[in-house]
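Okay, so here's the structure we're looking at.
Protein chains in written order, with our numbering: chain L, 1 to 111; chain G, 1 to 115.
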């Protein structure tokens with residue numbers, strides 16, 4: 001079925017370094033969501049992107065939606081240990097409210 | 001708001017036993033989702049309800065799994081009989097179509113271990 005591919009699967013950084021995770025879809029997406037799951041926790045909604053070329057920022061996090069609405073990225077500037085967790089890009093099914101989660105990128109940060 | 005409530009938080013059972021997981025969605029939310037998460041398969045949607053009606057159960061692995069939503073504030077996921085390969089974390093999530101966004105709010109999950 002339709003799904004998004006996310007890379008990298010794992011990323012280990014030193015505290016203070018930047019981090020980026022990428023999502024790609026073979027088909028045009030109506031919108032895309034990003035969730036974060038801390039180790040042992042549950043997924044928590046971060047943001048939804050809807051418009052082509054959209055860029056949104058949340059403090060040190062920058063989210064982008066590609067012009068063709070087939071890819072998206074999440075960039076974290078100057079990572080902190082609190083950023084540790086798995087970041088999921090999530091394909092939204094539109095009107096039926098069904099979400100399809102990618103495999104996620106596990107970020108670990110060395111203090 | 002208490003958020004999505006799930007019980008139990010942990011369940012350990014023996015193969016062949018019946019397991020019932022419970023979920024109380026956020027009040028006012030009209031969509032409810034059951035997910036299963038494992039290391040191998042990631043986060044999988046099992047079933048989702050809209051206004052208490054099952055809309056898509058294509059993710060339910062087999063007949064041993066069943067889910068009900070008798071009213072807007074309660075849902076169950078039942079596994080009978082359980083097998084070791086059912087061991088996973090089961091999440092319930094809810095969302096509100098009326099909010100204009102299909103952001104899903106997840107519960108803390110039930111960690112199921114089938115011996």
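Glycine residues also receive a C-beta, built at the ideal position from the N, C-alpha and C atoms.
Counting C-beta atoms within 10 angstroms of its own C-beta, residue 25 (chain G) has 16 or more neighbours from the protein chains shown and is therefore classed as buried.
By the rule that beta-carbons nearer than 8 Å mark a contact, residue 85 (chain L) does not touch chain G. Taking C-beta separations shorter than 6 Å and ignoring five residues to either side along the sequence, the partners of residue 77 (chain G) in its chain run 21, 34, 67, following chain order. Non-local beta-carbon contacts of residue 16 (chain L) in its own chain, meaning distances under 6 Å to residues more than five positions away in sequence, involve 78 in chain order. DSSP places residue 70 (chain G) in the uninterrupted beta strand (DSSP E) bounded by 65 to 71. Among the bridge pairs identified by DSSP, residue 78 (chain L) is matched with none.
Taking the Cα of residue 105 (chain G) as reference, the smallest distance to any Cα among G:19, G:31, G:57 is reached at G:31.
Residue-level contact check: residue 98 (chain L) touches chain G, since one or more beta carbons of chain G fall below 8 Å from its beta carbon. The beta carbon of residue 92 (chain L) sits closer than 8 Å to some beta carbon of chain G. Per DSSP, residue 30 (chain G) lies in no beta strand (DSSP E) and is assigned neither H nor E.
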